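To start, the structure under review is shown below, and the notes come after it.
The structure is reproduced here in structure tokens:
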């Protein structure tokens, strides 16, 4: 503390002439202090003006900051410092690197399956399989561009870093599948690689590729990769009963090493199958799923890592028992496969989303939300977009004049029918109108009295040409009775029948005969039994003898032939009787094809449509809906594969 | 019908590093089976030398960080030990001086591949061709060339052993952006 330029030390020194500060009165002070400077004139002046005061002062510090109550002198010692004789060094530097932290990820051990043994395998030794890889461009310079590999991508941004790395560090699908660890019988198309990768990463997925693009193969391969990488261990596949053999065949083709167990037999056997813990893939049809789960209590339900619903439009009605049962299966992943995610109403998507667990139970997303969810959870490609090398499908609408007796029968039936409907007044229902529609449609196929049929005449003309060239054709009709009637008249073309009335065990044989018998040129199928799941790409002609109520179903039927593997253009002939109810229905349906394109995206206006609703059915006869429920859909139930009779 | 995975006859380590601006070097090691399927992945946090280290290590700094500090840490840390380490960074060949397994560096012999691969004439160093690419080893461990040949006899000429290194780089970028290894 200093004041007025004086240090404490200078104040503490006794000033000359001040008796109170003699050495004798301040013992202990040795005169070892070095000579100090003399007080300044100001200091002396201050000292001269001071009055003697007692030394017994308090240690308060004056406002000036001077401590005037020091009672003893500080000890002051002076030491001399020797001159340095050597320089300092900073501590020696040793390289030090802290231990580097690491972050790691161990991949789950996948399931490995014994490869299906072939004759060549049996002879081979235990050497490593020859590894194929991307082909090196030839050295000519005119090399094709390096093919873009399909990398797995994590789905969504909410995954943990471990999950994201799991996907990023997987090999490209092409390397994984092309003759290395997994054998593929055929090289998938690029869009199929994309679909496989997408499915692999999705916990909730609706694969809605147009029919014929290979949903089955993509699903099987994704399941195969998930099993092999240890992501899943138990899969349940639900499909319509007639498609079970098809799935078994496809598993054999695309993943022959995977053991597939089908739920079948009596109830005791089925219960045993459901409870088998070490079956990687269980397959069941919808009916058995419902029946068996009804017989179990909730805590008995088998648990699965993945549940796949094929032809998932079967659960489009969320109130149905099938839907609720499918939703009740304990599972970690949910996939749905359908070529027609919307057949009639956007609300059908909500039921599928509920199964996928991407909306809450009973959730009712609006159109905007449906579209947003579709971007994340639906993958849909159409043939036009991805199969540019698939032979074209040539549609021709054959507008035929009714044969004379047909025309008479039709006019009478229509006139009487409309009169009857008019007479019914307010009691008329859509069912009454619908019955008339069916009657008229049947007459457009053939006159039940005379058997005259303009469609048959035209069909015979076409079949002569087709059989002469060795071609094969598929014909679809709504009525099994019509198919039987046609078979009697088309025997010379080796016609075969395939509809719900044919026992399941005989169906495979029929398909095989149609494929292999050179004298068999025509397969007569019902929409209900033949429209889904079958691969008939060796047929180059499709006839729609009568029209279904929903173009989506018709497209499914056509795509039995127009699908991957088809090498020639597929000619699709749709018979439409002129000036009849068929023409009017066709016109209405045509106008409705584009209504749902907004939900499923561009280029997707060919496979979704609405069935006719009540107002539209009434308007076919210039009648007005009496019930006021203009949006109620009428018409037959959609064809279910395996139905006894489609109509 | 199925059995649990048994020991693979070959485990490959794919080792590479990235320099993250302002954060330093980070390295990753992916161990795969002989089909390229991942078994384990390890990566380091970024290591940034200080000014003193930069001055005192001089040109040996990066080889030290990549080849010794990071690579050795990864190889010690990884649970599934590879029988062969492939890298695309010549600095990481330094690892061979501390481990007993062969370490080989991808030698790019065309200009079409990614820039992280060292550009070097194939003729100027002794190399071994594994699949589509040539690989070199540490000058002090030329015997490794023969070991490499022996251990990769099952590999086809068309296999692309640079592809897993792309995966490691992508994973490193993912971890850096996620901050998992920050």
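Residue numbers (our numbering), protein chains in the order written: chain A, 2 to 648; chain B, 83 to 264. Yeah, the Cβ is synthetic: ideal placement off N, Cα and C, and Gly gets one too. Keep in mind the model is a prediction, meaning the values are calculated, not measured.
{"query": "Can you give, in chain order, each stretch of the alpha helix (DSSP H) that sits fully within the region 275 to 315 of chain A and has at least 4 residues?", "result": "287 to 295"}
{"query": "Whose Cβ in chain A lies nearer than 7 Å to the Cβ of residue 120 of chain B?", "result": "108, 170 and 171"}
{"query": "From the beta carbon of residue 653 of chain A, is the nearest beta carbon of chain B less than 8 Å away?", "result": "The displayed coordinates of chain A run from 2 to 648. Any statement about residue 653 of chain A would go beyond what the structure contains."}
{"query": "According to DSSP, is residue 209 of chain A helix, strand or coil?", "result": "coil"}
{"query": "Note down, in chain order, all residues in the region 152 to 168 of chain A with a beta-carbon under 7 Å from any beta-carbon belonging to chain B.", "result": "162, 165 and 166"}
{"query": "Helix, strand or coil for residue 132 of chain B per DSSP?", "result": "coil"}
{"query": "Could you tell me the distance, in whole angstroms, from the CA atom of residue 339 of chain A to the CA atom of residue 376 of chain A?", "result": "16 Å"}
{"query": "Since residue 1 of chain A and residue 232 of chain A are thought to touch, with beta carbons under 8 Å apart, how far apart are those beta carbons, to the nearest angstrom?", "result": "Look at the range of chain A in this structure, 2 to 648, and you will see that residue 1 of chain A is not part of it."}
{"query": "By DSSP, does residue 259 of chain A sit in helix, in strand, or in coil?", "result": "coil"}
{"query": "At 9 Å on the CB atoms, spell out the chain A contacts of residue 224 of chain B, in chain order.", "result": "Within 9 Å Cβ-Cβ: nothing; residue 224 of chain B doesn't reach chain A, min ~26 Å."}
{"query": "For residue 559 of chain A and residue 251 of chain A, I'd like the C-alpha separation in whole angstroms.", "result": "20 Å"}
{"query": "Could you pull the start and end residues of the beta strand (DSSP E) that residue 227 of chain B belongs to?", "result": "Element bounds for residue 227 of chain B: not the beta strand (DSSP E) but the alpha helix (DSSP H), 226 to 233."}
{"query": "I'd like to know if residue 230 of chain B contacts chain A, where contact means its C-beta is closer than 8 Å to some C-beta of that chain.", "result": "no"}
{"query": "Measure the C-alpha to C-alpha separation of residue 122 of chain A and residue 188 of chain A and round it to an integer number of angstroms.", "result": "Residue confidence is low: residue 122 of chain A scores 46 on pLDDT, short of 50, so the model does not pin down where it sits. Its coordinate-derived value is still stated next. Roughly 21 Å separates the two Cα atoms."}
{"query": "With a 10 Å radius around its C-beta and 16 neighbouring C-beta atoms as the bar for buried, classify residue 94 of chain A as buried or exposed.", "result": "exposed"}
{"query": "Would DSSP call residue 523 of chain A helix, strand or coil?", "result": "strand"}
{"query": "Please report whether the beta-carbon of residue 336 of chain A lies at a distance below 8 Å from any beta-carbon of chain B.", "result": "no"}
{"query": "Between which two residues does the beta strand (DSSP E) harbouring residue 122 of chain B extend?", "result": "120 to 126"}
{"query": "Would you please state the rounded distance, in angstroms, between the beta carbons of residue 296 of chain A and residue 268 of chain A? I believe it to be under 8 Å.", "result": "7 Å"}
{"query": "Among the residues of its own chain, which have a CB less than 7 Å from the CB of residue 355 of chain A, if the five just before and after it don't count?", "result": "319, 328, 362 and 364"}
{"query": "Say whether chain B places a C-beta atom closer than 8 Å to the C-beta of residue 255 of chain A.", "result": "no"}
{"query": "Going along the chain, which residues of its own chain have a beta-carbon closer than 6 Å to the beta-carbon of residue 237 of chain A, five neighbours each way excluded?", "result": "283, 305 and 308"}
{"query": "Buried or exposed, going by whether 16 or more other CB atoms sit within 10 Å of the CB of residue 369 of chain A?", "result": "exposed"}
{"query": "Which residues does DSSP list as the beta-bridge partners of residue 336 of chain A?", "result": "A/206 and A/309"}
{"query": "Using beta carbons (cut-off 8 Å, strictly below), is residue 159 of chain B in contact with chain A?", "result": "yes"}
{"query": "Please list, in chain order, all residues of the same chain as residue 659 of chain A whose beta carbon is under 7 Å from its beta carbon, the five residues on each side excluded.", "result": "Since the first residue of chain A shown is 2 and the last is 648, residue 659 of chain A is not available in this structure."}
{"query": "Out of B/240, B/118, B/167 and B/150, which one is the CA nearest neighbour of residue 184 of chain B?", "result": "B/167"}
{"query": "So that I know if they touch, is there some Cβ in chain B lying closer than 8 Å to that of residue 626 of chain A?", "result": "Its pLDDT being 49, under 50, residue 626 of chain A is placed unreliably in this model, and the coordinates cannot settle the point."}
{"query": "Just verifying my parser: in three-state terms, what is the DSSP assignment at residue 483 of chain A?", "result": "helix"}
{"query": "Tell me, to the nearest whole angstrom, how far the beta carbon of residue 154 of chain A is from that of residue 202 of chain A; I am working on the premise that it is less than 8 Å.", "result": "6 Å"}
{"query": "Beta-carbon of residue 186 of chain B versus every beta-carbon of chain A: anything under 8 Å?", "result": "no"}
{"query": "Taking residue 446 of chain A as part of the alpha helix (DSSP H), name the residues at either end of that continuous run.", "result": "431 to 446"}
{"query": "Sort A/462, A/550, A/378 and A/620 by Cα distance to residue 205 of chain A and report the nearest one.", "result": "A/378"}
{"query": "Does the beta carbon of residue 677 of chain A sit closer than 8 Å to a beta carbon anywhere in chain B?", "result": "Because chain A is modelled from 2 through 648, residue 677 of chain A falls outside the range shown and cannot be assessed."}
{"query": "Please report the straight-line C-alpha distance between residue 125 of chain A and residue 115 of chain B, rounded to a whole angstrom.", "result": "Bear in mind that the predicted position of residue 125 of chain A carries a pLDDT of just 41, short of 50, making it unreliable; the figure below should be weighed with that in mind. If I take the Cα positions, the gap works out to 22 Å."}
{"query": "Can you find a CB in chain B that lies within less than 8 Å of the CB of residue 365 of chain A?", "result": "no"}
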